[in-house]
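The next block holds one structure in the form of structure tokens; read it before the comments.
Right, dumping it as structure tokens:
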């Protein structure tokens, strides 16, 4: 199988202490000992049946898990910043990528507060508001910005917790890669997700984690294989896998200053994958 060059996935715009340079061979080099997540060589995998995204209506992907298949549902997130230096109330738009280069709108999210992880999520890109007709729910974080929970609107009843993300201190120190746990509940058990994680009450719940990158001494960076999908270095880039399986079911990474890719598989829905991506951007 043809091998790809390593490609660093960290970003000096996200952390001013880092210095990144994209070279002609598409390799970014970083100063030693900073957090670098680079792209490793391709890994072989068994052939599995793919689905045709052209046969799927974009809006049907919002709440339902992706088809059980080998290929990803490939999406792009664009960010629009407001306020002085773009620091206030950023808005994010999620679109589905198709083979015919057309993009179908899926979701939008707007940050409500400049300091806290509180987002309004809507399927109406023109009116992202709690009182808007497309209002879906809110993504909220705790005061420390370590725990994020998506509260989905449930008309006539209490909001449902459809996914939660918990960030932990990593074993590599402050400059090492972050550690994420993702919790997806079964129907009827969509409540108190973070508390259940803390108490290790994980019945009726799927627990996933981020893939730990490997260290490459040659380029002084951590490595993840994004198969060329990610073009920019960023500390926000990640891949999600099952607890005992390295099959990637969600990956997120930077393409340009305000553009990111978001690729996901079963068991994620578009909404759940979008929420995990937003949490990484906010964390």
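Residue numbers (full-length UniProt numbering): 1 to 283. Note that beta-carbon positions come from the ideal geometry of N, C-alpha and C, so glycine has one too.
(request) State the CB to CB distance for the pair residue 230 and residue 254, rounded to an integer number of angstroms; the pair is presumed to be in contact (CB under 8 Å). (result) 6 Å
(message) When you compare the region 132-152 with the region 100-119, are there three or more beta-carbon pairs, one atom per stretch, that lie closer than 8 Å?
(response) yes
(message) Buried or exposed, going by whether 16 or more other CB atoms sit within 10 Å of the CB of residue 80?
(response) exposed
(request) Taking all protein chains shown into account, decide if residue 52 is buried (16 or more other Cβ within 10 angstroms of its Cβ) or exposed. (result) exposed
(request) Starting from residue 122, follow its DSSP beta bridges and name the residues at the other end. (result) 108, 135
(request) Work out the CA separation of residue 214 and residue 310 for me, nearest whole Å. (result) Lying outside 1 to 283, the shown extent of the chain, residue 310 is not represented and no answer is given.
(message) Residues in the same chain with beta-carbon distance under 7 Å from residue 32, minus the five sequence neighbours each way, listed in chain order, please.
(response) Model confidence at residue 32 stands at a pLDDT of 30, short of 50, so the residue's coordinates are unreliable; what they give is reported in the following sentence. So the list reads 220, once near-sequence residues are dropped.
(message) Please tell me whether residue 66 and residue 280 are closer than 9 Å, where the distance is taken between their beta carbons.
(response) no
(message) For the beta strand (DSSP E) containing residue 214, name the first residue and the last one.
(response) 214-216
(request) Report yes if the CB atom of residue 183 is closer than 9 Å to the CB atom of residue 158, and no otherwise. (result) no
(request) Give the straight-line distance between the Cα atoms of residue 218 and residue 224, rounded to the nearest whole angstrom. (result) 15 Å
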